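All residue numbers for the sequence shown refer to full-length UniProt numbering, where the first residue is 1 and numbers rise by one. Where a beta carbon is used, it is the ideal one built from N, C-alpha and C, also for glycine. Predicted model, so just to flag it, every value in this text is computed and none were measured.
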Amino acid sequence: MSRQIVLDTETTGLSPIDGDRLIELGCVELVNRKLTGNNLHLYFNAGRDSHPDALRVHGITTEFLKDKPRFEQKIDEIWEYLQGAELIIHNAPFDLGFLNNELKLAKRPPLKQCVGGVLDTLVMAKEMYPGKRNSLDSLCDRLGVDNSNRTLHGALLDAELLADVYINLTRGQDALLMTEEPADAPAAGTMIVASVDLSSFKLPVLRANEQEQSAHDDVLKQMDKSSGGKTAWRNFENVSANP
1 MSRQIVLDTE
11 TTGLSPIDGD
21 RLIELGCVEL
31 VNRKLTGNNL
41 HLYFNAGRDS
51 HPDALRVHGI
61 TTEFLKDKPR
71 FEQKIDEIWE
81 YLQGAELIIH
91 NAPFDLGFLN
101 NELKLAKRPP
111 LKQCVGGVLD
121 TLVMAKEMYP
131 GKRNSLDSLC
141 DRLGVDNSNR
151 TLHGALLDAE
161 LLADVYINLT
171 RGQDALLMTE
181 EPADAPAAGT
191 MIVASVDLSS
201 FKLPVLRANE
211 QEQSAHDDVL
221 KQMDKSSGGK
231 TAWRNFENVS
241 ANP
């Protein structure tokens, strides 16, 4: 079973080094690239106000958070939920920086001791679309993911959007995967090539019609002309004609 967790956070500001804290965690579970509905969504009382710029982005007020639990009160639940999964995060260093800071403040080990790995979709998108904008909103527009309900950033909503973006970014990668994995299936990211007996398939033979054959012959003549009559298939034709 391949288990992945698409994760996003909201924070009081941009830097845990400056004392900013985590205030929201949103996680969406994928098993074998399918949404399971087993999601995790938590708000945290950070004990400080959000920077005005951050507040304009996520809209999560200190008043709203005052009765929410502290992060350290939810560590065991978060740790158990993430255990062994591959994390999928957009701009992973940002979210991991805040998560690891919270764990450090609670005198807990870093996240790498819990999860099976991290995949950064921002790095993936930059490799696939060099020179283009690769924010989550830009990728939603490019890949046809509906983000029309996103007026403010929210960790769970953004994780749900990122899950759709990730599936679209990697579409086709599982084309050769077996539909059912054996009990001792490899870890996430390992391709399993299925063995298929093609003799059981009866494929129709579609012959070119007269117009298509004529157009094909014209192309071959043009290639013959441009190569000075040295096209390789003419040699095979001569061998076929004189076995």
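Through-space distance from residue j to residue i, alpha-carbon basis
i, j, result
"residue 17", "residue 68", "23 angstroms"
"residue 100", "residue 111", "6 angstroms"
"residue 142", "residue 3", "26 angstroms"
"residue 80", "residue 155", "19 angstroms"
"residue 164", "residue 217", "46 angstroms"
"residue 91", "residue 13", "15 angstroms"
Helix, strand or coil at residue i [DSSP, three-state]
i, result
"residue 83", "coil"
"residue 122", "helix"
"residue 69", "coil"
"residue 97", "helix"
"residue 60", "coil"
"residue 41", "strand"
"residue 8", "strand"
"residue 74", "coil"
Supposed contact pair residue j and residue i - C-beta distance, whole angstroms, cut 8 angstroms
i, j, result
"residue 47", "residue 86", "Not really, about 32 angstroms apart at Cβ, beyond 8 angstroms."
"residue 121", "residue 88", "6 angstroms"
"residue 36", "residue 23", "The pair is not a contact, with the Cβ atoms about 26 angstroms apart (cut-off 8 angstroms)."
"residue 108", "residue 75", "6 angstroms"
Buried or exposed by the 16-neighbour rule on C-beta atoms within 10 Å, applied to residue i
i, result
"residue 183", "Residue placement at residue 183 cannot be trusted, given a pLDDT of 45 that sits under 50; what the coordinates show is reported in the next sentence. Exposed: under 16 other Cβ atoms inside 10 Å."
"residue 144", "exposed"
"residue 283", "Outside the modelled stretch of the chain, which goes from 1 to 243, sits residue 283, for which no answer is possible."
"residue 9", "buried"
"residue 127", "exposed"
"residue 54", "buried"
"residue 31", "exposed"
"residue 219", "exposed"
(request) Return the chain-ordered ranges of every beta strand (DSSP E) run that is complete within the stretch 122 to 170 and spans a minimum of 3 residues. (result) none
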